[in-house]
Amino acid sequence: MKVVIIATEASSDYLGYNLIKSLKKKKKKINLYGVGGPLMESIGFKSWIPISEFNTIGLFEVLIRIKKFLKILKKIENQIRLNEPNILITIDSPSLSYRVVKRIQDLKEKKNIKIYHYVAPTVWAWKKYRAKIFAKLYDGMFTLFRFENKFFTKYQLSTQYVGHQIFFRRKVEKKKKTICFLPGSRNIEIKNNLSKMIPSIKESIAKFKDYDFFVLTFDHSKSLVDEMVKGLKIKVITDYKKKKKIMKTSFLAVAASGSVSLELCKYKVPSIIVYDTHFITKIILKLFVRVKFASLINIFYNREVLPEFLFEKFNAENVFKKMIELIGNKNSRMNQLRMMNDFSEKMILDKKNPSEIIAKSILKD
1 MKVVIIATEA SSDYLGYNLI KSLKKKKKKI NLYGVGGPLM ESIGFKSWIP
51 ISEFNTIGLF EVLIRIKKFL KILKKIENQI RLNEPNILIT IDSPSLSYRV
101 VKRIQDLKEK KNIKIYHYVA PTVWAWKKYR AKIFAKLYDG MFTLFRFENK
151 FFTKYQLSTQ YVGHQIFFRR KVEKKKKTIC FLPGSRNIEI KNNLSKMIPS
201 IKESIAKFKD YDFFVLTFDH SKSLVDEMVK GLKIKVITDY KKKKKIMKTS
251 FLAVAASGSV SLELCKYKVP SIIVYDTHFI TKIILKLFVR VKFASLINIF
301 YNREVLPEFL FEKFNAENVF KKMIELIGNK NSRMNQLRMM NDFSEKMILD
351 KKNPSEIIAK SILKD
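Structure below.
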């Protein structure tokens, strides 16, 4: 059996890694290739394109790099046509995913390729019309949240809630006097976010002298981050296992909005969520996004469980003031931790492994 997986982000690499392990467990003779990151490659996955090539994020950023984007699309399409897989799975990255699938619809019909998407596009937040597009192109959808199913079953797309892999096998570790900063997974994000984190980093180092400070990033971004924090008493970590250990034991985190906020909830790390982007992307988001919050836990409870400082509100004064509160005010910390625990309990379907559910479902079909 030949299976192609397209996972172009660090969070998708993690989901793909767990899915591959489950697929291999259920099917001994299986060939897996496509696009993935270091985690997927570490267990034998063959990636056609390095994940570092997918450093573009945001509407405006894609537009100014459209030639590169189209070239990557064409390369993925050509490889799928060459390999003629039995199954194609796209993970997250909806803008790229549906464009890849759209290009190979003729091959899908000719070779009866089963195509699935894992991590539903956030149609409940913006661009609701995507639900109909995905329903036309895909055979099935695997969602992380129960409430998402109705947006796709409305268009007769087979949709299955599986829960979030991040919350499977949760273990909370004792916290150390550590503060970690997570500026994002792509260079454009890191430039925008880390540059605005640096004043807070400097103030934190000066005030919390008995704490250790870390920036958690990726190999493809290390030189950029090293340059940006040069001269500061802060360590830059890229090793996957070391990053997880630091994250699990941190007393506080300041993180760019994204799936990392879910990990911080899982590890019960009091957190502040921040984000900035290109001003054109910012304008578009403000015009069209229909939800009040960026973090999924905040959206889930429709309240600010994790403090968010987005765009103009993302400044040193706001961030550092909240850092002081979450380090020094026990009630503020405990309020976050209680909600994180409640959220984590709700994110797993009957304590089952999401990857096992997906593997069983697609191999059965």
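Read left to right, the sequence shown gives residues 1 to 365 (the numbering used here). Here a beta-carbon is modelled for each residue, glycine too, at the ideal position from N, C-alpha and C. Computed from a predicted model, the values in this text were never measured in an experiment.
Where residue i falls: helix, strand or coil (DSSP)
i, result
"G34", "strand"
"I87", "strand"
"S42", "coil"
"G140", "strand"
"V123", "coil"
"F314", "coil"
"I237", "strand"
"V260", "helix"
"D276", "coil"
"E308", "strand"
"F218", "coil"
"I104", "coil"
"S97", "helix"
"V225", "helix"
"L157", "coil"
"S47", "strand"
"S295", "coil"
"S271", "strand"
"L319", "What sits at residue 319 in the sequence shown is Val, not Leu. Three-state DSSP puts V319 in a helix."
"E53", "helix"
Cβ-Cβ distance between residue i and residue j below 8 Å
i, j, result
"I51", "G34", "no"
"V305", "I297", "yes"
"E53", "S47", "no"
"I273", "S257", "yes"
"N86", "V172", "no"
"N193", "D276", "yes"
"I179", "F251", "yes"
"F309", "V319", "yes"
"F383", "I358", "This structure gives no information on residue 383, because the portion of the chain shown stretches from 1 to 365."
"A316", "E203", "yes"
"D92", "S22", "no"
"Y138", "V100", "no"
"P183", "I190", "yes"
Nearest residue (CA-CA) to residue i, options the options
i, options, result
"S344", "I357, R169 and I237", "R169"
"P397", "I87, L70, F134 and W124", "Beyond the ends of the chain as shown, which are 1 and 365, falls residue 397; an answer cannot be given."
"G16", "K108, H117, I348 and Y161", "H117"
"S295", "F251, A316, I348 and M340", "M340"
"L337", "L137, A120 and L264", "L264"
"I113", "V269, E84, I234 and F214", "E84"
"Q366", "K360, E356, K364 and A253", "Outside the modelled stretch of the chain, which goes from 1 to 365, sits residue 366, for which no answer is possible."
"F20", "M1, T8, F214 and I43", "Checking the sequence shown, residue 20 turns out to be Ile, not Phe. Closest by alpha carbon: I43."
"D212", "A255, S195 and K233", "K233"
"N31", "K136, K75, L157 and I5", "I5"
"D239", "F314, V225 and L216", "L216"
Buried versus exposed, by CB contacts within 10 Å (16 or more), residue i
i, result
"F288", "exposed"
"Q105", "exposed"
"S223", "exposed"
"Y98", "buried"
"E148", "buried"
"Y155", "exposed"
"Y267", "buried"
"Y129", "exposed"
"D219", "exposed"
"K321", "exposed"
Residue(s) in a DSSP beta bridge with residue i
i, result
"G163", "I348"
"H117", "T90 and M141"
"I6", "V35 and T90"
"D212", "T178"
"L252", "I179"
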